[in-house]
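Please read the structure below before turning to the comments.
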Amino acid sequence: MTTSIQVYEIIRQKVKLLSKILRFDKLKKKLGRKLALAIEDAISAAVFWKKQNIKTKKSVFEILELERYCSYKTFVVSVNRCLQLALLASTLLLRLNWGNAHLVKHTDATDIPVCLNKNGGRHKTMQSQASWSNNGKGYYYGLKLHLTSDLNRKVLAVKFTTANASDREVLLSLNRNLNGLFIADSGYVSEELRKRFYREGKRMLIAKPYKTMKKLATAFELWLYDTRMLVEINFRILKEFLGLVTSLPRSVTGYLANYTYALLAYLIA
634 MTTSIQVYEI IRQKVKLLSK ILRFDKLKKK LGRKLALAIE DAISAAVFWK
684 KQNIKTKKSV FEILELERYC SYKTFVVSVN RCLQLALLAS TLLLRLNWGN
734 AHLVKHTDAT DIPVCLNKNG GRHKTMQSQA SWSNNGKGYY YGLKLHLTSD
784 LNRKVLAVKF TTANASDREV LLSLNRNLNG LFIADSGYVS EELRKRFYRE
834 GKRMLIAKPY KTMKKLATAF ELWLYDTRML VEINFRILKE FLGLVTSLPR
884 SVTGYLANYT YALLAYLIA
(Lines of atoms letter the chains of each structure in order from A and count residues from 1; the text may use other names and numbers.)
(Lines give C-alpha, C1' and ligand atoms only; values in the text may rest on other atoms or scores of the structure.)
Protein backbone atom coordinates (compact mmCIF):
# COMPACT_ATOMS: atom_id res chain seq x y z
CA MET A 1 0.00 0.00 0.00
CA THR A 2 1.37 3.42 -1.00
CA THR A 3 1.95 5.71 1.99
CA SER A 4 1.29 9.44 2.06
CA ILE A 5 5.02 10.17 1.96
CA GLN A 6 5.44 7.93 -1.09
CA VAL A 7 2.57 9.73 -2.84
CA TYR A 8 4.23 13.04 -2.02
CA GLU A 9 7.58 11.86 -3.42
CA ILE A 10 5.94 10.73 -6.68
CA ILE A 11 4.29 14.14 -7.01
CA ARG A 12 7.56 15.87 -6.15
CA GLN A 13 9.43 14.09 -8.94
CA LYS A 14 6.79 15.20 -11.45
CA VAL A 15 6.89 18.79 -10.17
CA LYS A 16 10.70 18.81 -10.39
CA LEU A 17 10.44 17.76 -14.04
CA LEU A 18 7.99 20.59 -14.74
CA SER A 19 10.29 22.96 -12.86
CA LYS A 20 13.20 21.93 -15.04
CA ILE A 21 11.23 22.40 -18.26
CA LEU A 22 9.86 25.80 -17.21
CA ARG A 23 13.14 26.91 -15.62
CA PHE A 24 11.75 27.82 -12.23
CA ASP A 25 15.36 28.19 -11.05
CA LYS A 26 15.61 31.44 -13.00
CA LEU A 27 12.68 32.84 -11.06
CA LYS A 28 14.04 32.16 -7.58
CA LYS A 29 15.94 35.45 -7.40
CA LYS A 30 12.79 37.37 -8.35
CA LEU A 31 10.98 35.99 -5.31
CA GLY A 32 13.14 37.98 -2.88
CA ARG A 33 15.25 36.46 -0.09
CA LYS A 34 16.04 32.77 0.03
CA LEU A 35 12.88 30.77 0.58
CA ALA A 36 12.52 28.61 3.68
CA LEU A 37 10.59 26.14 1.52
CA ALA A 38 11.85 25.51 -2.03
CA ILE A 39 9.51 26.31 -4.93
CA GLU A 40 9.27 22.66 -5.95
CA ASP A 41 8.50 21.60 -2.39
CA ALA A 42 5.78 24.23 -1.91
CA ILE A 43 4.05 23.29 -5.17
CA SER A 44 4.44 19.57 -4.46
CA ALA A 45 2.90 19.95 -1.00
CA ALA A 46 -0.01 21.94 -2.47
CA VAL A 47 -0.64 19.33 -5.18
CA PHE A 48 -0.42 16.63 -2.51
CA TRP A 49 -3.02 18.59 -0.51
CA LYS A 50 -5.50 18.44 -3.41
CA LYS A 51 -4.52 14.99 -4.68
CA GLN A 52 -5.22 13.43 -1.28
CA ASN A 53 -8.33 15.61 -0.87
CA ILE A 54 -7.11 16.79 2.52
CA LYS A 55 -9.45 19.32 4.10
CA THR A 56 -6.95 21.88 5.36
CA LYS A 57 -3.39 23.02 4.63
CA LYS A 58 -2.70 22.66 8.36
CA SER A 59 -3.19 18.89 8.02
CA VAL A 60 -0.80 18.81 5.06
CA PHE A 61 1.77 20.70 7.10
CA GLU A 62 1.51 18.10 9.86
CA ILE A 63 1.40 14.99 7.64
CA LEU A 64 4.54 16.03 5.73
CA GLU A 65 6.23 17.23 8.95
CA LEU A 66 7.12 20.53 7.33
CA GLU A 67 7.87 22.13 10.69
CA ARG A 68 11.40 20.83 10.07
CA TYR A 69 11.77 23.50 7.39
CA CYS A 70 9.43 26.35 8.21
CA SER A 71 6.51 27.58 10.26
CA TYR A 72 2.92 26.93 9.21
CA LYS A 73 2.49 30.60 8.30
CA THR A 74 5.56 30.45 6.04
CA PHE A 75 4.18 27.31 4.40
CA VAL A 76 0.88 29.01 3.56
CA VAL A 77 2.70 32.09 2.23
CA SER A 78 4.95 29.85 0.09
CA VAL A 79 1.98 27.97 -1.39
CA ASN A 80 0.22 31.23 -2.28
CA ARG A 81 3.42 32.81 -3.57
CA CYS A 82 3.93 29.93 -6.01
CA LEU A 83 0.41 30.27 -7.40
CA GLN A 84 1.50 31.83 -10.70
CA LEU A 85 4.15 29.14 -11.22
CA ALA A 86 1.54 26.44 -10.61
CA LEU A 87 -0.69 28.17 -13.14
CA LEU A 88 2.20 28.19 -15.61
CA ALA A 89 2.73 24.46 -15.07
CA SER A 90 -0.99 23.83 -15.62
CA THR A 91 -0.88 25.80 -18.87
CA LEU A 92 2.06 23.71 -20.08
CA LEU A 93 0.25 20.45 -19.32
CA LEU A 94 -2.90 21.66 -21.09
CA ARG A 95 -0.92 22.53 -24.20
CA LEU A 96 0.87 19.19 -24.15
CA ASN A 97 -2.57 17.59 -24.24
CA TRP A 98 -3.34 19.43 -27.47
CA GLY A 99 -0.73 17.38 -29.32
CA ASN A 100 -2.64 14.09 -29.37
CA ALA A 101 -6.16 15.21 -28.59
CA HIS A 102 -9.11 13.28 -30.05
CA LEU A 103 -11.03 14.91 -32.89
CA VAL A 104 -14.26 14.85 -30.83
CA LYS A 105 -14.31 17.37 -28.00
CA HIS A 106 -16.78 18.51 -25.36
CA THR A 107 -17.29 21.94 -23.86
CA ASP A 108 -19.40 22.60 -20.79
CA ALA A 109 -19.54 24.72 -17.64
CA THR A 110 -20.21 23.96 -13.98
CA ASP A 111 -21.01 25.96 -10.87
CA ILE A 112 -18.31 26.83 -8.32
CA PRO A 113 -20.01 28.21 -5.19
CA VAL A 114 -17.72 30.25 -2.95
CA CYS A 115 -20.01 30.01 0.09
CA LEU A 116 -23.37 28.74 1.25
CA ASN A 117 -26.37 30.59 -0.21
CA LYS A 118 -27.34 31.93 3.20
CA ASN A 119 -23.96 33.69 3.37
CA GLY A 120 -23.96 35.01 -0.20
CA GLY A 121 -25.42 38.40 0.69
CA ARG A 122 -22.63 39.19 3.14
CA HIS A 123 -19.72 37.33 1.54
CA LYS A 124 -16.88 39.87 1.14
CA THR A 125 -13.78 37.95 0.10
CA MET A 126 -14.80 37.13 -3.47
CA GLN A 127 -17.39 39.86 -3.99
CA SER A 128 -15.44 41.40 -6.90
CA GLN A 129 -15.28 38.04 -8.74
CA ALA A 130 -18.43 36.20 -7.67
CA SER A 131 -22.06 36.72 -8.63
CA TRP A 132 -25.46 35.08 -8.30
CA SER A 133 -26.62 32.64 -10.95
CA ASN A 134 -29.10 29.83 -11.51
CA ASN A 135 -27.67 26.59 -12.87
CA GLY A 136 -30.93 24.68 -13.19
CA LYS A 137 -30.50 23.07 -9.77
CA GLY A 138 -31.10 26.37 -8.05
CA TYR A 139 -29.37 29.64 -7.27
CA TYR A 140 -25.79 29.84 -6.06
CA TYR A 141 -23.24 32.56 -5.34
CA GLY A 142 -19.81 32.09 -6.86
CA LEU A 143 -17.94 31.43 -10.06
CA LYS A 144 -18.28 29.20 -13.08
CA LEU A 145 -15.71 26.78 -14.48
CA HIS A 146 -15.73 26.37 -18.27
CA LEU A 147 -13.87 23.32 -19.52
CA THR A 148 -13.10 21.60 -22.81
CA SER A 149 -11.95 17.99 -22.90
CA ASP A 150 -11.73 15.37 -25.63
CA LEU A 151 -13.43 12.01 -26.09
CA ASN A 152 -10.77 10.44 -23.84
CA ARG A 153 -11.55 13.00 -21.08
CA LYS A 154 -8.21 14.70 -21.61
CA VAL A 155 -8.55 18.30 -20.41
CA LEU A 156 -7.58 20.80 -23.11
CA ALA A 157 -8.75 24.21 -21.89
CA VAL A 158 -10.21 25.77 -18.75
CA LYS A 159 -11.46 29.20 -17.80
CA PHE A 160 -12.97 30.61 -14.62
CA THR A 161 -15.53 33.38 -14.90
CA THR A 162 -18.11 35.03 -12.72
CA ALA A 163 -21.21 32.86 -12.29
CA ASN A 164 -23.46 34.93 -14.56
CA ALA A 165 -21.06 34.95 -17.53
CA SER A 166 -22.51 33.84 -20.88
CA ASP A 167 -21.49 30.27 -21.72
CA ARG A 168 -21.87 31.04 -25.41
CA GLU A 169 -19.43 33.94 -25.38
CA VAL A 170 -16.89 32.05 -23.28
CA LEU A 171 -17.04 29.13 -25.73
CA LEU A 172 -15.33 31.26 -28.38
CA SER A 173 -12.43 32.48 -26.23
CA LEU A 174 -11.99 29.13 -24.45
CA ASN A 175 -11.50 27.22 -27.70
CA ARG A 176 -9.80 29.82 -29.88
CA ASN A 177 -6.69 27.62 -30.27
CA LEU A 178 -8.48 24.28 -30.67
CA ASN A 179 -9.96 22.51 -33.66
CA GLY A 180 -12.23 19.51 -34.07
CA LEU A 181 -15.85 18.49 -33.68
CA PHE A 182 -17.22 20.18 -30.55
CA ILE A 183 -20.26 18.77 -28.76
CA ALA A 184 -22.22 20.94 -26.33
CA ASP A 185 -25.55 20.89 -24.52
CA SER A 186 -28.67 22.86 -25.39
CA GLY A 187 -27.38 25.93 -23.53
CA TYR A 188 -25.11 26.56 -26.51
CA VAL A 189 -27.87 26.40 -29.14
CA SER A 190 -27.47 29.49 -31.32
CA GLU A 191 -27.28 29.79 -35.08
CA GLU A 192 -25.12 32.90 -34.74
CA LEU A 193 -22.72 31.14 -32.37
CA ARG A 194 -22.50 28.11 -34.66
CA LYS A 195 -21.50 30.34 -37.58
CA ARG A 196 -19.00 32.36 -35.55
CA PHE A 197 -17.40 29.20 -34.18
CA TYR A 198 -17.18 27.40 -37.51
CA ARG A 199 -13.87 27.14 -39.38
CA GLU A 200 -14.05 25.35 -42.71
CA GLY A 201 -12.21 22.07 -42.58
CA LYS A 202 -11.04 22.72 -39.02
CA ARG A 203 -13.84 22.91 -36.50
CA MET A 204 -17.59 22.96 -36.01
CA LEU A 205 -20.04 23.05 -33.13
CA ILE A 206 -22.90 20.59 -32.63
CA ALA A 207 -25.21 21.63 -29.79
CA LYS A 208 -27.92 19.28 -28.57
CA PRO A 209 -31.29 20.79 -29.53
CA TYR A 210 -33.98 21.63 -27.00
CA LYS A 211 -36.64 18.98 -26.55
CA THR A 212 -39.18 21.42 -28.00
CA MET A 213 -37.17 21.91 -31.20
CA LYS A 214 -38.23 19.95 -34.24
CA LYS A 215 -34.94 18.59 -35.49
CA LEU A 216 -34.17 15.18 -36.90
CA ALA A 217 -30.84 13.90 -35.61
CA THR A 218 -28.79 11.27 -37.37
CA ALA A 219 -27.64 8.15 -35.50
CA PHE A 220 -24.13 9.63 -35.44
CA GLU A 221 -25.36 12.87 -33.87
CA LEU A 222 -27.30 10.94 -31.24
CA TRP A 223 -24.13 9.01 -30.39
CA LEU A 224 -22.19 12.27 -30.12
CA TYR A 225 -24.81 13.76 -27.81
CA ASP A 226 -24.55 10.70 -25.56
CA THR A 227 -20.78 11.17 -25.17
CA ARG A 228 -21.36 14.54 -23.48
CA MET A 229 -21.51 12.87 -20.07
CA LEU A 230 -17.74 12.34 -20.29
CA VAL A 231 -17.03 15.99 -19.54
CA GLU A 232 -19.23 15.69 -16.45
CA ILE A 233 -16.83 13.07 -15.11
CA ASN A 234 -14.06 15.68 -15.16
CA PHE A 235 -16.21 18.05 -13.13
CA ARG A 236 -17.13 15.29 -10.67
CA ILE A 237 -13.49 14.33 -10.04
CA LEU A 238 -12.41 17.94 -9.59
CA LYS A 239 -15.23 18.68 -7.17
CA GLU A 240 -15.58 15.47 -5.18
CA PHE A 241 -12.04 14.09 -5.13
CA LEU A 242 -9.76 17.11 -5.57
CA GLY A 243 -11.54 19.68 -3.41
CA LEU A 244 -12.22 22.23 -6.14
CA VAL A 245 -15.20 23.76 -4.32
CA THR A 246 -14.43 25.41 -1.00
CA SER A 247 -15.51 28.22 1.30
CA LEU A 248 -12.50 28.06 3.63
CA PRO A 249 -10.07 30.64 2.13
CA ARG A 250 -9.98 34.09 3.67
CA SER A 251 -8.42 35.89 0.70
CA VAL A 252 -8.84 36.04 -3.07
CA THR A 253 -5.36 34.53 -3.42
CA GLY A 254 -6.43 31.64 -1.20
CA TYR A 255 -9.42 30.88 -3.41
CA LEU A 256 -7.34 31.12 -6.59
CA ALA A 257 -4.67 28.87 -5.09
CA ASN A 258 -7.31 26.29 -4.22
CA TYR A 259 -8.64 26.24 -7.80
CA THR A 260 -5.21 26.25 -9.44
CA TYR A 261 -3.73 23.45 -7.35
CA ALA A 262 -6.86 21.32 -7.76
CA LEU A 263 -6.52 21.67 -11.53
CA LEU A 264 -2.78 20.99 -11.45
CA ALA A 265 -3.36 17.90 -9.29
CA TYR A 266 -5.76 16.59 -11.95
CA LEU A 267 -3.46 17.35 -14.87
CA ILE A 268 -0.31 16.03 -13.24
CA ALA A 269 -1.87 12.61 -12.55
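Numbering (the working numbering), first residue to last: 634 to 902. Note that beta-carbon positions come from the ideal geometry of N, C-alpha and C, so glycine has one too.
In this structure, Ile-676 lies away from Leu-725, with their beta-carbon atoms at least 8 angstroms apart. Across the set Ser-782, Ile-745, Thr-781 and Leu-780, the C-alpha of Ile-745 shows the shortest separation from the C-alpha of Trp-765. Annotated as proximal: Pro-882 and Thr-758, with beta-carbon spacing under 8 angstroms. Of all alpha-carbon atoms in Ile-644, Gly-771 and Ser-711, the one lying nearest the alpha-carbon of Phe-681 is that of Ile-644. The continuous alpha helix (DSSP H) containing Lys-691 extends over residues 690-696. In this structure Tyr-772 is exposed. Its beta-carbon is surrounded by fewer than 16 other beta-carbon atoms within 10 angstroms. Taken through DSSP and simplified to helix, strand or coil, Leu-736 comes out as coil. Put simply, of Ser-819, Asp-818, Arg-701 and Leu-811 the residue whose alpha carbon is nearest the alpha carbon of Tyr-831 is Leu-811.
Counting along the chain, Asp-859 sits inside the alpha helix (DSSP H) bounded by residues 852-859. The three-state secondary structure of Arg-832, taken from DSSP, is strand.
With a beta-carbon spacing of about 5 angstroms, Leu-716 and Ala-890 fall inside the 8 angstroms limit used to define contacts. Between Asp-674 and His-735, the gap from beta carbon to beta carbon reaches 8 angstroms or more. Under the DSSP assignment, Lys-792 falls in the beta strand (DSSP E) whose first and last residues are 788-795. Cβ atoms of Tyr-899 and Leu-871 come within 8 angstroms of each other, at about 6 angstroms.
Excluding residues up to 5 positions away in sequence, Ala-669, Leu-670 and Ser-711 lie with their Cβ nearer than 8 angstroms to the Cβ of Cys-703 in the same chain.
C-alpha of Arg-786 to C-alpha of Lys-683: approximately 19 angstroms in a straight line. Remark: C-beta atoms of Lys-770 and His-779 do not approach each other more closely than 8 angstroms. Here Gly-813 carries a strand assignment [DSSP, helix/strand/coil]. Counting of Cβ neighbours within 10 angstroms places Asp-741 among the buried residues, the total reaching 16 or more. If you ignore the 5 residues before and after Ala-840, its C-beta comes within less than 6 angstroms of the C-beta of Ala-817, Tyr-821 and Val-822, all in its own chain and listed in chain order. In its chain, beyond the 5 residues on either side, Leu-881 have a beta carbon closer than 8 angstroms to the beta carbon of Thr-689.
Collapsing the DSSP output to three states places Gly-820 in a helix. Looking only at Arg-869, Leu-789, Phe-874 and Asn-808, the smallest Cα-Cα distance to Ser-723 is reached by Leu-789. Beyond the five residues adjoining it in sequence on each side, Arg-829 comes within less than 8 angstroms, by CB distance, of Leu-805 in the same chain, given in chain order. When DSSP assignments are scanned along the region 715-788, the uninterrupted stretches of beta strand (DSSP E) that are 3 or more residues long and fall wholly within it turn out to be 737-746, 764-767 and 772-783.
Closest by C-alpha distance to Leu-655, out of Val-885, Asp-859 and Leu-721, is Leu-721.
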